[in-house]
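Protein chains in written order, with my numbering: chain A, 1 to 314; chain B, 1 to 314.
Heads up, the beta-carbon is just placed ideally off N, CA and C, and yes, glycines get one too.
Number of protein chains: 2
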Amino acid sequence: MNWATAIDAAAQRFARDGHGFIRRTPLWQLPGAALGIDCREVWLKLEHLQSSGSFKARGMYNRLLAHPIPFSGVIVASGGNAGIATAAAARALHVRCEVFVPTVCSPAKQSKLRELGAKVVVTGSVYAEALEACLQRQKETGALLTHAYDQPEVVAGAGTVAQEIEHRAGRAPDSVLVSVGGGGLIAGIAAWFEQRSRVVALEPELAPTLYRARENGAPVDVDVSGIAADSLGAKRIGAIAWEVTQQHVPQALLLPDAAILAAQQALWKDFKLAVEPAAALGLAALRTGAYQPAKDENVCLVICGANVDPATLA
Amino acid sequence: MNWATAIDAAAQRFARDGHGFIRRTPLWQLPGAALGIDCREVWLKLEHLQSSGSFKARGMYNRLLAHPIPFSGVIVASGGNAGIATAAAARALHVRCEVFVPTVCSPAKQSKLRELGAKVVVTGSVYAEALEACLQRQKETGALLTHAYDQPEVVAGAGTVAQEIEHRAGRAPDSVLVSVGGGGLIAGIAAWFEQRSRVVALEPELAPTLYRARENGAPVDVDVSGIAADSLGAKRIGAIAWEVTQQHVPQALLLPDAAILAAQQALWKDFKLAVEPAAALGLAALRTGAYQPAKDENVCLVICGANVDPATLA
């Protein structure tokens, strides 16, 4: 797979698209001192300002633009950011969307999906059952299936985040810290930068899909829980992410929930960025010293999602 | 007064300052379609991400850097963004800070000021009485007084917002929509752009200091109330702002509170920007058609403050 070509193709699809759905999000370049970090600059890629409130919009939209969409529309199993992104992308393109969620999916999330025009099917007590029903339904309707992280177009869409960072800054950062759930984002970013930037994987201690896969020598199912399980709670690293990170990601770190929560609160209190816990792992790694940049390093944090209840930030 | 020189000097003070206190905030350039506006581009200057949560930090910090600060420190009368910005600026420079507020100042705001290390003096039932006590105290201590909007260093500091916009974009926007309370921000912005950009003044119908001054032919006290009175609630346009806007601001518009509130909610819901009502006037003007850009226009909105209780955004 030629990822650079696939990522360029995704960026061109977004640029040609007349709906303005995928946004070029701001890159905020600050001196390290502004964040109390002893390095040259910290770059914050404000991808939580993306349509649908997370980077997931890029992958989902790229998949939708890359394929003819049948009259039955698109279909996905997800009660999280991937479901929201698929529903928002489908709305932008005026196509139907069915979202399968398990009964544990909160009424608030279900109503958010309905607000976006999706048909929500609540079935099964756990995600795996909702997925099974979704795949069954897809066979009947022929709808275009989107996967939260393990499809090439989804990874290439996420890779446009890295391309934008490099184009905006005029160069690659020395390092990029990326939160990992199923691994779609880090796969896209590492596939773009390859060895030109040190890509570091960050996971909550309580959701260590990549960390455990590396220990094990191959992807393995893990138990997931904790503060970021909502968005980083994939049970197993994706096959594409596994392959790309084995090649291009030298380092995978675990962070405790308390550090993630403190970083999320600091992003609101000191920087007025309203983000979800998954988006705070990069700052948590810098503040705890889990990742220590060199004094002359430019380190980039991907602020990947904003799907937070603002009442919890006060 | 040579404003361009004063604004350049402020920007150089910020750049030389080793504390990283004043941030170069992101400029988010979006196609008009992304906001549902029929113009070429809408530029959002994300100044609500500034230290202290508003543009006020620039003016206060410039005043502090431009003068020797006595041992008694700095002093200000304000329970709003100007007080918070002065306290934050003083903390960054490790100097004392006294803030005078009237008894109507909420306990939450008082404790925010104290968190920033300021000594809070609660006196008088209205702002004018707190100001009088502040001026009396200043005579005793010789502390450096900051004013929320009507000092040249404060206006020049605010002007660096415009300089940054132009430097980042590589050109001036065709138009800039700016919220007006006492007028410090619009004075700085209009002083920088002069006739190179169409600067439009926006005020809530319930806080029309500049609008009424223009009707009257001179600054005049007005009654202020409504959703944005917290930050745009000056009772009279500043003398500096009056002079600069008479020369460089062709248009002043009033907006109803309902439109301001709807725009504030849209900035959160659709763009994940957590802003105070004062920061939403620009989008309100575009959405209501109060300001109608040309199809090929690049219009810039200054998102000026984030001092919002996030619980009210949910």
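Inter-residue Cα distance where the pair is residue i and residue j
i      : j      : result
A/R198 : B/V220 : 60 angstroms
A/W192 : B/D270 : 28 angstroms
B/M1   : B/H147 : 18 angstroms
A/E140 : A/G79  : 22 angstroms
A/G233 : B/V120 : 46 angstroms
B/A187 : B/G159 : 7 angstroms
B/A92  : B/R214 : 39 angstroms
A/L253 : A/E166 : 24 angstroms
B/N307 : A/V126 : 40 angstroms
A/K109 : A/S54  : 15 angstroms
B/F240 : B/P152 : Strictly speaking, residue 240 of chain B in this sequence is Ile, with Phe absent from that position. Roughly 8 angstroms between the two C-alpha positions.
B/T103 : B/K235 : 18 angstroms
B/A88  : B/C97  : 9 angstroms
A/A33  : A/E41  : 8 angstroms
B/V154 : B/Q12  : 15 angstroms
A/V249 : B/G20  : 32 angstroms
B/A285 : B/P293 : 10 angstroms
B/V244 : B/E47  : 22 angstroms
B/P277 : A/I237 : 43 angstroms
A/K45  : A/Q163 : 11 angstroms
A/A6   : A/L49  : 24 angstroms
A/G182 : A/G124 : 21 angstroms
A/Q138 : A/N81  : 20 angstroms
B/F100 : B/F71  : 18 angstroms
A/I69  : A/A90  : 10 angstroms
B/T86  : B/I37  : 37 angstroms
Below-8 angstroms beta-carbon distance, residue i vs any chain A residue
i      : result
B/P173 : no
B/K167 : According to the sequence as given, residue 167 of chain B is His; it is not Lys. No, its Cβ sits nowhere closer than 8 angstroms to a Cβ of chain A.
B/A259 : no
B/G53  : yes
B/R40  : no
Closer than 8 angstroms to chain B by CB, residue i
i      : result
A/H19  : yes
A/A87  : no
A/L46  : yes
A/G313 : Reading off the sequence, residue 313 of chain A comes out as Leu, not Gly. So yes, A/L313 belongs to the interface.
A/R58  : no
A/A34  : yes
A/R23  : yes
Listed by chain order, chain B residues near residue i by CB distance under 8 angstroms
i     : result
A/L49 : W28, F271, K272 and L273
Under 8 angstroms from the C-beta of residue i: neighbouring residues of chain A
i     : result
B/P31 : G20
CB-CB length for residue i against residue j, believed under 8 angstroms
i      : j      : result
A/N62  : A/A118 : Contact doesn't hold; Cβ gap of about 19 angstroms is too wide.
A/P204 : A/I189 : A/P204 to A/I189, Cβ: 19 angstroms. No contact.
B/D150 : B/E297 : Contact flag wrong, Cβ pair sits at about 32 angstroms.
B/A259 : B/R287 : 7 angstroms
A/A314 : B/D309 : 6 angstroms
A/R58  : A/G157 : 4 angstroms
A/R168 : A/L27  : 4 angstroms
A/A280 : A/A263 : 4 angstroms
A/S179 : A/C39  : The pair is not a contact, with the Cβ atoms about 19 angstroms apart (cut-off 8 angstroms).
A/S51  : A/I22  : 7 angstroms
Note to self: Tell me which residues of the stretch 78-108 of chain B have at least one Cβ-Cβ distance to chain A shorter than 8 angstroms, keeping chain order.
What the structure shows: none
Next item on the list: Determine which residues of the stretch 178-200 of chain B have a Cβ less than 8 angstroms from any Cβ of chain A, and write them out in chain order.
Entry: none
Next item on the list: May I ask you to list, following chain order, the residues of the stretch 288-311 of chain B that have a beta carbon less than 7 angstroms from some beta carbon of chain A?
Entry: A306, D309, P310 and A311
Note to self: Along the stretch 3-16 of chain B, where does the CB come closer than 9 angstroms to a CB of chain A? Name the residues.
What the structure shows: none
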